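Down below is the structure, laid out as structure tokens.
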Amino acid sequence: MRPSPSRLLNILVPVKRAVDYAVKIRVNPQQTGIDTNVKHSMNPFDEIAVEEAVRLRERTDVSSIKLVTIGPPKSSETLRTGLAMGADAGIHVELPESAPAPEPLGVAKALRAVIERQKEPVDVVILGKQAIDDDAGQTGQMLAGLLGWSQATFASKVEIDSAGKEATVLREIDGGSEELKCKLPVIITTDLRLNEPRYASLPNIMKAKKKPIEKLTPSDLGVDLTPILQTLKVTEPPKRVGGGKVENVDELIAKLKEAGITAA
Amino acid sequence: MFTPKNVHPYARKVLTRHLEARRRQLALPRHLTSGPAGASASDYEGMGLDGLTESQVQVRKAISAICRKFPDEYWAQKDIEGTYPNDLHRELANGGWIGICMPEAYGGSNLGISEAAVMLQTIAESGAGIAGAQTIHANVYAMQPVWTFATEEQRFRWLPPIIAGKQRACFAVTEPNTGLDTLRLQTNAVRQGDKYVVNGGKIWISSAQVAQKMVLLARTTPLSALEKPSEGLSLFFADIKEEDGVTPRKGIELRQISKMGGRAVDANQVFFDNFEVSAADRIGEEGKGFKQILHGMNAERCLLAGEALGLGHAALRRATRYASERIVFNRPIGQNQAIQHPLAQSWVDLEAAKLLTYNAARAYDDHVEGKGSAHTDLGARCNAAKYFAAEAAFKACERAVMSI
Ligand SMILES: Cc1cc2nc3c(=O)[nH]c(=O)nc-3n(C[C@H](O)[C@H](O)[C@H](O)COP(=O)(O)OP(=O)(O)OC[C@H]3O[C@@H](n4cnc5c(N)ncnc54)[C@H](O)[C@@H]3O)c2cc1C
């Protein structure tokens, strides 16, 4: 590693245990939420975040990559998955199995508390842009607001200059991309094209078993994760009706007119 | 996944943009949307994970992530072409999976047959079937007697290249005139100075075309000269290819047998004509080969049971998907009990087979770790698991075909 006058970077990656992307979601009979008794895995965008942290270590001076998850006991499996990908340590803010899922603001407050209690200051936080269960897409932004840090969301490319304490982030926006330069510490949220996460190798899975996981409770952090929003009802989207084939353009136009679609 | 080929360039552009937008809408990263449809499109939840250990569940997750790269179309094509699934072997070697139950000192991960069986089950279950599992099968179980009875020098020489996937192993016991009756094997190895000269033949040797190494059981003492018939055989870890890793060495000929199924993985007739094996490649003492090979047999029984389980679940997954999609008389055929009951029964059989399989695998691992006193019937347990799982899988496949 090249000598650097600056302190090495500490990266924090919050990861969420979410219903696996391949599972067909079903609404529970009480219509209060979805059936969660199905396969879970790490939220795919968080996988991209872990991957980016591990890749940053390959190209800049990174001292530590720590993961944090907030969730039921089984969330520790999600931490192990990230540790097997190359993170160094994990923090599990454990919630009882029966606790309601925390909301973005609660999570952001818990993350702030985690960041503030680190002995080594955190320089970069990489989060997924959203979790594929609730699709809220708010946590990263709220965390940046609470901390008063710079934020670069929907990142498709990340460069960090650890000596200059600066991050250059390419972000996906409607109609193209935008390049941002931010001072560290920074909050980054990942978009689809940032990278393709690696598969954990068996030797790394074995090593991950021995990596430390610190267990905390919301009260250790002085936060209250009780939801402040009330879910009234969850329903399935209306069933899709099948399409039809048309023989020619005229027929297509006729069908469009029938459906009330006309040229503007 | 649908890809816009064979369409007008402009239409392709529009379609591509549309697909891209859809992918965003689904909020799924690219590496996830390009996976096989087979594993995800069905409601079939497959095997219950209850009873598996945390490390078994971890293996299952990691292996299914790798196998998602190999959709059903890949396996269908390999079977039609009869070409070896080298990509899967490479992918598993890169991930360190071949060393799953070899010692850490040589690059392995020191897990047990309990985990290896889950690995092979998961491969078969992904749609890869037995052929997919066979791409690493022998590299896992046949290496058990090899490393267990090898010297330190041999282990350092043999294990790392196998684990890294630079070399592959095949397993050669069966002969045209002696299958189950192993003690009557005829292929002989005669010591001449620092080498053995092998003559005879083997049959049904899987993966010999792609392997550089052969776990070879051959006769070093004639049956007539033996007091104990179990002490005339010796085990070798022989080089069967030239430096290029492809050309068979002098004195060995491989003739591929054409098969009805599992065509992606080659099976071969092997002929030895004054084939030379270095004495440094004999495993353990001369005459102890039979005992050594038995060590690998129980491991293999557990792995085969796992592979069968995976195959059975893959079949049921396809059948249940079809049963819920195929509409006859205005309702899915799966609403008819004549379709439902056989499939449900097969699922029950597979669940029972799972218990036998992972119980046998645990007994094997206990035995290896010296905790075997409670399992004096290890061979029976492993055989029972292999038999029951194979029957359950066969029935599941048959019923799946009947439903479809
Ligand atoms: C696709 C394929 C791949 C293979 N790969 C390998 C490989 O990689 N390496 C390898 O070494 N071998 C391999 N084999 C060989 C396999 O292990 C043998 O086929 C098996 O051991 C049985 O031997 P056999 O075919 O000679 O059966 P036989 O010994 O002829 O037995 C046939 C049947 O006779 C009956 N029978 C025989 N003896 C008895 C008895 N004492 N009591 C009651 N019933 C009896 C049983 O029903 C038995 O199933 C492969 C086989 C196949 C089909």
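Residue numbers (UniProt numbering), protein chains in the order written: chain S, 1 to 264; chain E, 1 to 404.
The beta carbon of each residue, even a glycine, is placed where N, CA and C say it ideally should be.
All of these numbers come straight from a predicted model, not from anything done at the bench.
Check                                                                                                                   : Outcome
Exposure of S4 of chain S, with buried meaning 16 or more beta-carbon neighbours within 10 Å                            : For S4 of chain S, the predicted structure reports a pLDDT of 48, less than 50, and the residue's modelled location is therefore unreliable. The matter cannot be settled from this model.
Distance cut-off 7 angstroms: F394 of chain E Cβ against heavy atoms of ligand 1                                        : no
CB contact flag (K213 of chain E, Q167 of chain E, <8 angstroms)                                                        : yes
L88 of chain E, DSSP secondary structure in three states                                                                : helix
Per-residue burial, D123 of chain S [other beta carbons within 10 Å of its own, 16 or more giving buried]               : buried
Expected contact under 8 angstroms - CB spacing of Y364 of chain E and I113 of chain E to nearest Å                     : 5 angstroms
Euclidean distance between Cα positions of K255 of chain S and R193 of chain S                                          : 38 angstroms
Cβ of A117 of chain E within 8 angstroms of any chain S Cβ                                                              : no
Limits of the alpha helix (DSSP H) - the one that K354 of chain E falls within                                          : Q337 to V368
Inter-residue Cα distance where the pair is R321 of chain E and L105 of chain S                                         : 41 angstroms
Inter-residue CB distance, L56 of chain S and I160 of chain S (contact presumed, cutoff 8 angstroms)                    : 6 angstroms
For T69 of chain S, three-class secondary structure by DSSP                                                             : strand
Terminal residues of the beta strand (DSSP E) in which S258 of chain E lies                                             : First-last for S258 of chain E: undefined, no H or E at that position.
Nearest to L183 of chain E (by Cα), restricted to the options E:I404, E:L217, E:L88 and E:A128                          : E:L217
K16 of chain S vs N37 of chain S beta-carbon contact at 8 angstroms                                                     : no
8 angstroms Cβ cut-off: residues of chain E touching M85 of chain S                                                     : What M85 of chain S touches in chain E: nothing, since even the nearest Cβ is about 11 angstroms away.
Cβ neighbour criterion (16 or more within 10 Å) applied to H341 of chain E                                              : exposed
Residue burial classification, L49 of chain E (beta-carbon count within 10 angstroms, cutoff 16)                        : exposed
Member of E:A279, E:T53 and E:F171 whose CA lies at the smallest distance from the CA of I136 of chain E                : E:F171
Beta-carbon neighbours of M142 of chain S, restricted to chain E and to distances below 9 angstroms                     : Ordered by position in chain E, no residue passes the 9 angstroms Cβ test against M142 of chain S, which lies about 19 angstroms from the chain.
Any chain E beta carbon closer than 8 angstroms to P79 of chain S                                                       : The amino acid occupying residue 79 of chain S in the given sequence is Leu; Pro does not appear at that position. Chain E contact via Cβ: absent.
Pairwise C-alpha distance: R399 of chain E and V348 of chain E                                                          : 13 angstroms
Closer than 8 angstroms to chain S by CB, Q58 of chain E                                                                : yes
Where the beta strand (DSSP E) through E159 of chain S begins and ends                                                  : S150 to D161
Three CB pairs or more closer than 8 angstroms across the stretch 281-292 of chain E and the stretch 227-247 of chain E : yes
S230 of chain E beta carbon near ligand 1 (any heavy atom closer than 7 angstroms)                                      : no
Proximity to D88 of chain S [Cα-Cα], best of S:S75, S:V62, S:G176 and S:A167                                            : S:V62
Rounded separation between S162 of chain S and L8 of chain S - CA only                                                  : 7 angstroms
Residue of E:V59, E:Q269 and E:V198 minimising C-alpha distance to Q186 of chain E                                      : E:V198
Environment of D135 of chain S [buried if 16+ CB atoms lie within 10 Å]                                                 : exposed
Environment of G35 of chain E [buried if 16+ CB atoms lie within 10 Å]                                                  : Because G35 of chain E sits at a pLDDT of 33, beneath the cut-off of 50, its placement in the model cannot be relied upon, and the following sentence gives the value as read from the coordinates. Buried: at least 16 other Cβ atoms inside 10 Å.
Any chain E beta carbon closer than 8 angstroms to I205 of chain S                                                      : yes
Cβ shell of S403 of chain E (< 7 angstroms), same chain only, five flanking positions each side left out                : A319, Y322, A323, I339 and L343
Residues from the stretch 50-80 of chain S in contact with chain E, defined by Cβ distance under 9 angstroms            : E77 and R80
Short CB-CB distance (under 8 angstroms) between S109 of chain E and chain S                                            : yes
Residues that W204 of chain E contacts on chain S, provided the C-beta gap is smaller than 8 angstroms                  : Chain S residues near W204 of chain E: none, gap ~30 angstroms exceeds 8 angstroms.
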